[in-house]
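These protein sequence lines map, in sequence, to chains A, B, C and D. Take the first sequence: its position 123, counting from 1, is numbered 123 in my numbering, and each next residue is one higher. Take the second sequence: its position 3, counting from 1, is numbered 1003 in my numbering, and each next residue is one higher. Take the third sequence: its position 311, counting from 1, is numbered 2311 in my numbering, and each next residue is one higher. Take the fourth sequence: its position 310, counting from 1, is numbered 3310 in my numbering, and each next residue is one higher.
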Amino acid sequence: MDGNERISRLLLKQEVDEFLYYEADLLDARRYDDWLALLADDVRYWMPMRRNVKVDDLEREFTREGRDISWFDEGKQTLTRRVRQIQTGIHWAEEPVSRISHVISNIRLLEANPSWAEPAEVAVGCRFLVYRNRVETETDILVGKREDLLRRVEGELKITRRRILLDQNVLLSKNLTFFF
Amino acid sequence: MSEPVNIRLLQPGTRVVLEGGATAEIVSNPQDGVWVFARFLTSPDDPDRIGSEEMVFAQEIVEVGEAS
Amino acid sequence: MATTRKDGYRPGLVDISAGQVSREIFVNEEIYREELERLFARVWLFVGHESQIPKPGDYFVSGMGEESVILCRDRAGKVHVFLNSCRHRGMKVCRYDEGNTPVFTCPYHGWSYGTDGQLVGVPYFREAYHEKLDRSRWGLVEVPRTYLYKGTVWACWDSAAPPFLEYLGDFVRYLDLTLDGWDGSEGGTEILGGIQKWRIPCNWKFPAENFCGDSYHNISHRSVDLVGIGPSGTGRRDMRERQMARRLQVAFYERGHQTGVYLFPKDQATPPSYQHSPEVSEYFAHCEEERRKKRGEWGRLIGSPGEIFPNTALHPRQPRTIAVWHPRGAHQTEVWRWYVVDSAAPQEVKDFLRDYYIRYSGPGGMTEQDDMENWNYAHAASRGTIARRYPYSYEQGLGFETENYEWQGLRIPGTVMDITDAKSSEHNLRNLYRRWAEFMEAESWGELATWRLARAAE
Amino acid sequence: MASTNTTGYRRGLVDLGKGQISREIFVNDEIYQEELERIFARAWLLVGHESQIPNPGDFFVSSMGEESVILCRDRAHKVHVFLNSCRHRGMKVCRYDEGNAAVLTCPYHGWSYSTDGRLVGVPYFREAYHGSLDRSRWGLAEVAQLCLYKGTVWASWDPAAPPFLEYLGDFLPYIDLTLDAWDGSDGGTEILSGIQKWRVPCNWKFPAENFSGDSYHNISHRSVDLAGIGPSGSGRRDMPELLMARKLHIAFPEHGHQTTSYLLPKEVALPPAYQHSSVVSEYFRECEEARRNKRGDWGRMIALVGEVFPNTAFLARQPRTLAAWHPRGAHETEVWRWFLVDRNAPAEVKDFLRQYYIRYSGPGGMTEQDDMENWNYAHAASRGTIARRYPYNYEQGTGTEIENYEWESFRVPGVVCDLTRAKSSEHNLRNLYRRWAEFMEADRWEELTSGRRLGRAEAAE
């Protein structure tokens, strides 16, 4: 990597950090329509379930995208429906509304295509901690990893693919009415 | 089947058509998404209901008309 | 373990004459379940303040024991307290903290109740129930006894309980010290917006005991005394009257209520206070004068922490608050805190007090933070098999109680312990547990309302 | 509180004559302990699906009541269900969810069991046990009865329980509506890989009741109806047949099973469905036709939801699922969800359905999220000292049940409540709790299998 490339990478890292923090702010501020605008029209949003399997059988740890049952397997249209449902004001699982914070960390740029200098797409890894507290004392803490593919569309970053790897086997929340 | 209506958004004065063909005008809306208070304008099955004010269940409302 | 022996509380677990109380009553889960039945389902509990629900349709979701209840004002302006649970499948009909509504609609199957508790909406009443459901019998469960007193709202699940004012007896005059204006005007107080709610890992009786007048634990607040948050710049409070007043602990044996008070000497002005703000200082000086005029001898009395049996705490002096110790299992307490100011006070006074209250009380309060640490680990260190074998000591001042206490022409209602010289006593605490044991043993209110027997005998 | 008085359930806590059931049966810890003994240790429970363990040595760790069990296929292809607990010190012999193993070896002291449950490996058998341990007596504990039915695996711990098919009785054809393919071919379904498991803070009977046919709570799903996830683009499901079919609650008083089903009219074509995808729409149209031809009058019956007593639920229509409500204490339930599709459906149909299922059901499902909120806070608000004094109301539709229900020449098995006009009833829910109370009172299976017949004889006199 030459000097210019390293600077390009640094600038991109800065932009991606800001973008992911901004996205988290939108979700936590319940600005769901603005959040939807960050998703590419062909976004794939997927969260597999996880199995306890033997160490030599780990390829079966996750349910398979596009084939098996998962916690989420979404496109923009269904994510939009989920937002609309919350906005009806009678989605009782989110009414009264929850208090949610997304903490995003360990952000790393994994790959940029075609180049760090002119990235049309960039793959990003991070950790998430989603804290939800609702009604009186009901509290969920969900922690895991995320792999995002971001695409530059007319100068702006859009989320094209999101894989959410939750670190739980039996899901310890009664429902998943929020976004990761 | 007609599209469901988010009755939470219906303003007083709005006319609605109910299952069975009766029509009613919303008098007030508790915004619970389940009930509205409405006055019956027509009631083919039970003419005694005309003019009476009742709580109307969301799932009985099949159509929303114009606000008067 | 004597938990199933109803007559075992006094001889076994609560030995007032020896000044000993078993740790079991704090940490035993069976005893806790009995408390829910024998105490919380029979006594008068504080549920809120009328100023929280000024308009028809206003509601505030409160708690009674472990139960969620709705305090609301119906269309006709009447105040009700309902169990927050649908009669059909038990769903909470209200999951908000407060608001205004014409109906409480259950989100599960849609049963809907008016603000007077009547079941007004039953989906498919004609089709599915064939109009046979007797809607008049399936309204929200209403607390059978409620009482409004100077803005405060009280409720009791037991129809056989004596009326609220009889339940209080002469103690009502001490409750007035919290609810009247500082100038002595009847019920001249209001609630500041925002009820603090938080959890403490201890049995509910730790804070209850503390607010009965545990003056002995002052030492644990040494750090805040050193830092100084008092309204005149030092210490924890403005307490100069201490030097001239009699300090008393007052207990009502038949009823289980108790409080601390300061009794000022006749014809002597109260020392200045709130000296960090001339306007506040002036306001209180004026109020002191007014109260003395309006209330005569009784105007010489100022309250300090007290407790209406079993779990409503009063803090009549600044920070003026009402607290409820909601039980949440044997090992956890949820505190709810209302803050009180004179309704007629100038805004600057209210602002000053609000800031001071927040600094003093609650989980952010520099004083109470240390209380919560003590309650937490006192409870934790009492749960062990061995720890339970060692009763707590409540001997302090045993035998020094005075009936018909009088000083400089004012006769004080209740049984008094003068701690002006003694500094401290556990007189009030013994009173709390005496009454607690009576409740745990008594099968009926007939046994508990002993003052009625005495009156009948006369 | 009659919790220790087992004769008191029907008289005191479950009063079906009045249509009232005490909240105690949902929130009382003592009653819960009794349920584990009297219901979960005696009834038939769903443990899994054969397609989860196709090969010898395949295993799937499942659950029966609070117990962990291993569903596995031995070397001779025989299916077993074992208690997942070493006989030596009780350690879980399998802490994986699924896999393939030649032996199940306990990690604590190394006792090892073959896939047919025999104790085959005991460290220092000769040295420490001097060869005297009777290994034949110390194999894995195995369920008393097991039944494979159209791919599903059922088990009971009670040797005295009637065989599974007798336990189901005439309810069997309704289970078939979930396990047969949509074209009516016998057992023509398979499980989609990935079993959803999650916890809901409520008593297990809240979901059990809900899936027994609580059609009354439709209103709580209004938000998803408004947002629209139905396969034709709006609402929650494709339900145009509702307008033409009879909607029935069907209960089996002798068994405690119940379902909500639709009976379609004779000679009328079904309205189109799955209009968002022509392939899927065409597939279901063809299946409908094939089923009518194959099944005759039964081809007109479509099940919606149902429950095999006590805790196995099915959703026979899309999203087609099986669910088990595993109790985890009186105040918590662990839901396990299997999703089914026609084995012979084209991949595009399977994909479409899978995505629809995920959107509809489970913790991420836009419909069920609201159910879980209701179960959670209905339970929480029923635990208090005062709350327990007020029974729930189950009066709806009392007295409108019909024995020998028939419509357009089809005699429907079971006792029926016709909801076509009534919209809703609690007939099925009463049936669930009637059977529940019988189980809680009966000391022996004879009482559970003969009681109703006696009851009927009395009624006949």
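All C-beta atoms, glycine included, are put in the ideal place defined by N, C-alpha and C.
**Asked** Which residues of chain C have a Cβ atom closer than 8 Å to the Cβ of Val1027 (chain B), listed in chain order?
**Response** Along the second sequence, one-based indexing puts residue 1027 (chain B) at 27. Neighbours of Val1027 (chain B) on chain C: none; closest Cβ ~11 Å, over 8 Å.
**Request:** Tell me whether Phe62 (chain A) sits in a helix, a strand or coil according to DSSP, three-state version.
**Result:** Position 62 of the first sequence, counted from the first residue, corresponds to residue 62 (chain A). Phe62 (chain A) falls in the strand class under three-state DSSP.
**Message:** I need the straight-line Cα distance from Asp3183 (chain D) to Val3280 (chain D), nearest angstrom please.
**Reply:** The residue given as residue 3183 (chain D) occupies position 183 in the fourth sequence. The residue given as residue 3280 (chain D) occupies position 280 in the fourth sequence. Roughly 13 Å separates the two Cα atoms.
**Request:** Below 7 Å CB to CB, which residues in the same chain sit around Gln2408 (chain C) once its five sequence neighbours on both sides are set aside?
**Result:** Translated into the one-based positions of the third sequence, residue 2408 (chain C) becomes position 408. Within its own chain, the residues whose Cβ lies closer than 7 Å to the Cβ of Gln2408 (chain C), once the five positions on either side in sequence are excluded, are Pro2265 and Lys2266, listed in chain order.
**Cβ of Thr80 (chain A) within 8 Å of any chain B Cβ** = Here residue 80 (chain A) is taken as the residue at index 80 of the first sequence, counted from 1. Any Cβ of chain B closer than 8 Å to the Cβ of Thr80 (chain A) would place that residue at the interface, and such an atom is absent.
**Message:** Threshold first: 3 residues or longer. Then list the beta strand (DSSP E) segments lying entirely within the segment 2168-2208 of chain C, N to C.
**Reply:** You should have 2189-2191 and 2196-2200.
**Item:** Neighbourhood of Glu2403 (chain C) by C-beta distance below 7 Å, restricted to the same chain and skipping five residues each side
**Value:** Walking along the third sequence from the start, residue 2403 (chain C) turns up at place 403. Cβ neighbours of Glu2403 (chain C) beyond the five flanking positions: Thr2415.
**Message:** To the nearest angstrom, how far is the alpha carbon of Val103 (chain A) from that of Ile159 (chain A)?
**Reply:** Within the first sequence, numbered from 1, the residue matching residue 103 (chain A) stands at position 103. Within the first sequence, numbered from 1, the residue matching residue 159 (chain A) stands at position 159. CA-CA distance, Val103 (chain A) to Ile159 (chain A), rounds to 18 Å.
**Item:** Residues near Met3244 (chain D) by beta carbon distance below 8 Å, same chain, minus five either side
**Value:** Here the question's residue 3244 (chain D) lines up with position 244 in the fourth sequence. In the same chain as Met3244 (chain D), and ignoring 5 residues on each side of it, the C-beta atoms closer than 8 Å to its own belong to Leu3264, Pro3265, Val3268 and Pro3271, in chain order.
**Asked** With burial defined as no fewer than 16 other Cβ atoms inside 10 Å of the residue's Cβ, what is the status of Asp3443 (chain D): buried or exposed?
**Response** Here residue 3443 (chain D) refers to the residue found at position 443 when the fourth sequence is read from its first residue. It is exposed - the Cβ of Asp3443 (chain D) has fewer than 16 other Cβ atoms within 10 Å.
**Asked** Along chain D, which residues have their Cβ under 7 Å away from the Cβ of His91 (chain A)?
**Response** Position 91 of the first sequence, counted from the first residue, corresponds to residue 91 (chain A). Using a Cβ-Cβ cut-off of 7 Å, His91 (chain A) is close to Ser3223 and Asp3370 of chain D, given in chain order.
**Request:** Count the CB pairs spanning the segment 3076-3095 of chain D and the segment 3227-3235 of chain D that are closer than 8 Å, and state whether there are at least three.
**Result:** Segments in contact, no.
**Asked** Can you tell which of C:Gly2057, C:Asp2183 and C:Trp2204 has its C-alpha closest to the C-alpha of Gly2065 (chain C)?
**Response** Stepping through the third sequence from its first residue, residue 2065 (chain C) is reached at position 65. It is C:Trp2204 whose Cα lies nearest to the Cα of Gly2065 (chain C).
**Item:** C-alpha gap between Gly3384 (chain D) and Glu2067 (chain C), whole angstroms
**Value:** Here residue 3384 (chain D) is taken as the residue at index 384 of the fourth sequence, counted from 1. Here residue 2067 (chain C) is taken as the residue at index 67 of the third sequence, counted from 1. Cα to Cα, the separation comes out at about 5 Å.
**Prompt:** With distances taken from CA atoms, which of C:Lys2423, C:Phe2309, C:Thr2270 and C:Pro2305 is nearest Glu2290 (chain C)?
**Reply:** The residue you call residue 2290 (chain C) lines up with position 290 of the third sequence. Check the Cα spacing between Glu2290 (chain C) and each of C:Lys2423, C:Phe2309, C:Thr2270 and C:Pro2305: the tightest is with C:Thr2270.
**Asked** Should Ala1022 (chain B) be flagged as near chain D, meaning a C-beta pair shorter than 8 Å?
**Response** For the purposes of this step, residue 1022 (chain B) is taken as the residue at position 22 of the second sequence. Not an interface residue.
**Message:** Using a Cβ-Cβ cutoff of 7 Å, what residues of the segment 2095-2128 of chain C are near chain B? List them in chain order.
**Reply:** Hits within the stretch, in order: Thr2101, Pro2102, Val2103, Thr2105, Gly2110, Ser2112, Val2120, Gly2121 and Pro2123.
**Prompt:** In angstroms, rounded to a whole number, what distance separates the CA positions of Ala3457 (chain D) and Leu3448 (chain D)?
**Reply:** As a position in the fourth sequence, residue 3457 (chain D) is number 457, starting the count at 1. As a position in the fourth sequence, residue 3448 (chain D) is number 448, starting the count at 1. Confidence at Ala3457 (chain D) is low in this model, with a pLDDT of 39, below 50, so its placement is unreliable and no value can be given for it.
**Request:** Confirm the yes/no value for this check: CB of Leu3168 (chain D), any heavy atom of the ligand MG, distance under 7 Å.
**Result:** Only the bare structure without any ligand can be found here, which leaves the ligand MG out of the picture.
**Item:** Asp3140 (chain D) in three-state terms, based on DSSP
**Value:** Start at 1 with the first residue of the fourth sequence, and residue 3140 (chain D) comes out as number 140. In the sequence as displayed, the identity of residue 3140 (chain D) is Leu instead of Asp. Note: Leu3140 (chain D) maps to coil in three-state DSSP.
**Request:** For the beta strand (DSSP E) containing Val3093 (chain D), list its first residue and its last residue.
**Result:** In the fourth sequence, residue 3093 (chain D) corresponds to position 93, counting from 1. No beta strand (DSSP E) contains Val3093 (chain D), which DSSP labels as neither H nor E.
**Asked** In or out: Glu2438 (chain C) buried (at least 16 other Cβ within 10 Å) or exposed?
**Response** Along the third sequence, one-based indexing puts residue 2438 (chain C) at 438. Glu2438 (chain C) is buried by the Cβ-count criterion.
**Request:** Specify whether the segment 1013-1027 of chain B and the segment 67-83 of chain A touch according to this definition: at least 3 beta carbon pairs, one from each stretch, less than 8 Å apart.
**Result:** Between the segment 1013-1027 of chain B and the segment 67-83 of chain A, the count of Cβ pairs shorter than 8 Å is below three; the stretches do not touch.
**Request:** Can you tell me which of D:Leu3016, D:Gly3399, D:Arg3023 and D:Tyr3394 puts its alpha carbon nearest to the alpha carbon of Asp3214 (chain D)?
**Result:** Working through the fourth sequence from its first residue, we reach residue 3214 (chain D) at position 214. The shortest C-alpha separation from Asp3214 (chain D) is found at D:Tyr3394.
**Prompt:** Can a CB atom of chain D be found closer than 8 Å to the CB of Ala1058 (chain B)?
**Reply:** If you number the second sequence from 1, residue 1058 (chain B) lands on position 58. Yes, its Cβ sits closer than 8 Å to a Cβ of chain D.
**Asked** In this structure, does DSSP put Phe2026 (chain C) in helix, strand or coil?
**Response** Taking the third sequence and counting its residues from 1, one reaches residue 2026 (chain C) at position 26. DSSP places Phe2026 (chain C) in helix when its eight states are reduced to three.
**Asked** So, helix, strand or coil for Thr3004 (chain D), using DSSP?
**Response** As a first step, residue 3004 (chain D) is located in the fourth sequence; it is residue number 4 there, counting from the start. The pLDDT assigned to Thr3004 (chain D) is 46, lower than 50, so where the model puts this residue is not dependable, and the model offers no usable value.
**Request:** Compute the distance between the beta-carbons of Ile2412 (chain C) and Val2250 (chain C), then report whether it is under 8 Å.
**Result:** Taking the third sequence and counting its residues from 1, one reaches residue 2412 (chain C) at position 412. Taking the third sequence and counting its residues from 1, one reaches residue 2250 (chain C) at position 250. One thing to note: Ile2412 (chain C) has its Cβ within 8 Å of the Cβ of Val2250 (chain C).
**Message:** My output table needs one value for Gln168 (chain A): the three-state DSSP class, helix, strand or coil.
**Reply:** If you number the first sequence from 1, residue 168 (chain A) lands on position 168. Assignment of Gln168 (chain A) by DSSP, reduced to helix, strand and coil, places it in the coil class.
**Request:** Could you name the residues of chain B that Leu3226 (chain D) contacts, counting a contact when the two beta carbons are closer than 7 Å?
**Result:** Here residue 3226 (chain D) refers to the residue found at position 226 of the fourth sequence. Residues of chain B passing the Cβ test: Pro1004 and Asn1006.
**Prompt:** Does the beta carbon of Val2153 (chain C) sit closer than 8 Å to a beta carbon anywhere in chain D?
**Reply:** As a first step, residue 2153 (chain C) is located in the third sequence; it is residue number 153 there, counting from the start. Not closer than 8 Å to any Cβ of chain D, the Cβ of Val2153 (chain C) fails to qualify, so no.
**Item:** Length at least 4, wholly inside the segment 2205-2250 of chain C: the alpha helix (DSSP H) runs in chain order
**Value:** For secondary structure counted as the alpha helix (DSSP H) over 4 or more consecutive residues, the segment 2205-2250 of chain C holds these complete runs in sequence order: 2205-2211 and 2222-2227.
**Request:** Spell out whether any CB of chain C is found under 8 Å from the CB atom of Val1034 (chain B).
**Result:** By one-based count along the second sequence, residue 1034 (chain B) stands at place 34. For Val1034 (chain B), the answer is yes, since a Cβ of chain C falls inside 8 Å of its Cβ.
**Prompt:** Can you tell me where the beta strand (DSSP E) with Phe3339 (chain D) in it begins and where it stops?
**Reply:** Numbered from its first residue, the fourth sequence carries residue 3339 (chain D) at position 339. Counting along the chain, the beta strand (DSSP E) containing Phe3339 (chain D) begins and ends at Thr3333 to Asp3342.
**Prompt:** Taking the alpha carbon of Asp3342 (chain D) as the point to measure from, which residue in D:Glu3067, D:Leu3179, D:Val3416 and D:Tyr3113 has its own alpha carbon closest?
**Reply:** Locating residue 3342 (chain D) in the fourth sequence gives position 342, counting from the first residue. Out of D:Glu3067, D:Leu3179, D:Val3416 and D:Tyr3113, D:Leu3179 has the C-alpha closest to the C-alpha of Asp3342 (chain D).
**Message:** Comparing C-alpha positions only, which one of C:Glu2368, C:Ser2017 and C:Tyr2274 sits nearest to His2427 (chain C)?
**Reply:** In the third sequence, residue 2427 (chain C) corresponds to position 427, counting from 1. A check of alpha carbon separations from His2427 (chain C) across C:Glu2368, C:Ser2017 and C:Tyr2274 identifies C:Ser2017 as the nearest.
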